[in-house]
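In what follows, a structure is listed as structure tokens, so that the remarks can point back to it.
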């Protein structure tokens with residue numbers, strides 16, 4: 009059996025070179041848009057939260073950024089908490105709410121499909137985080153098409 013002869017990693021150690029950046033830091037040209045779509049369930053994996061962070065990063069790079077919550081994606085945009093709304097039942101419980109609130113405060117737009125909200129998940133518009141705009145289910149395709157016509161960067165978020 010080979011022996012491990014180097015000391016064990018300690019808190020504060022670096023295991024990778026996190027400072028090296030391989031690609032240029034791309035910024036939006038004036039008027040460029042981005043759309044991040046979510047067809048994923050809150051807390052069912054990391055992709056929902058990771059791409060909320062990506063949407064915030066796009067906004068900070070100068071893109072006029074919108075988020076589309078449709079299908080199970082509307083679960084990212086509802087108020088949550090336990091035992092009361094706003095309470096964190098466990099660490100990270102309010103991650104989605106806090107990130108969406110921050111995104112909106114920084115100028116991002118968030119849209120949620122009314123059909124999915126009511127028909128699929130039994131929520132009314134009052135369940136949405138403040139600033140999330142409910143939209144007609146027919147608008148779901150049109151927002152994507154409008155962004156496509158504008159030459160926007162579109163990031164689709166899906167889980168099965």
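Numbering (my numbering), first residue to last: 9 to 168.
We put the CB at the ideal spot given by N, CA and C, even for glycine.
_Buried or exposed (CB count within 10 angstroms, at least 16 for buried), residue 116_ = Buried is the call here.
*How many Å lie between residue 51 and residue 72 at the Cα?*
27 Å
*Is there a Cβ from chain C that is less than 8 Å from the Cβ of residue 155?*
Checking the listed chains, one finds no chain C in this structure; it contains a single protein chain.
*Do the stretch 31-38 and the stretch 85-93 touch if we need at least three Cβ pairs shorter than 8 Å?*
A contact is defined here as three or more CB-CB pairs under 8 Å, and the stretch 31-38 fails this definition with respect to the stretch 85-93.
*asked:* Using a Cβ-Cβ cutoff of less than 7 Å, which residues in the same chain neighbour residue 144 once the five nearest sequence positions on both sides are dropped?
replied: 122
*In terms of DSSP beta bridges, what is residue 54 paired with?*
Paired residue(s): none; residue 54 is not in a bridge.
*asked:* Taking only three categories from DSSP, how would you classify residue 167?
replied: coil
*Coarse secondary structure for residue 30, derived from DSSP in three states*: coil
*DSSP state of residue 80, grouped into three classes?*
helix
*For residue 104, which of 127, 75, 91, 130 has the nearest alpha-carbon?*
Nearest option by C-alpha distance: 75.
*What residue from 102, 138, 119 has the CA that sits closest to residue 1's CA?*
This structure does not reach residue 1, given that the chain is present from 9 up to 168, and the question cannot be answered.
*Rounded to a whole number of angstroms, what is the C-alpha to C-alpha distance between residue 64 and residue 111?*
6 Å
*For residue 36 and residue 81, believed in contact at Cβ under 8 Å, the rounded distance*: About 24 Å; that fails the 8 Å criterion.
_So residue 66 and residue 151 are supposed to be a Cβ contact under 8 Å. How far apart are they, rounded?_
About 16 Å separates the two Cβ atoms, so there is no contact after all.
_To the nearest angstrom, how far is the alpha carbon of residue 137 from that of residue 109?_
When rounded, the distance between both Cα atoms is 7 Å.
_Extent of the continuous beta strand (DSSP E) run through residue 46_ = Per DSSP, residue 46 belongs to the beta strand (DSSP E) from 41-47.
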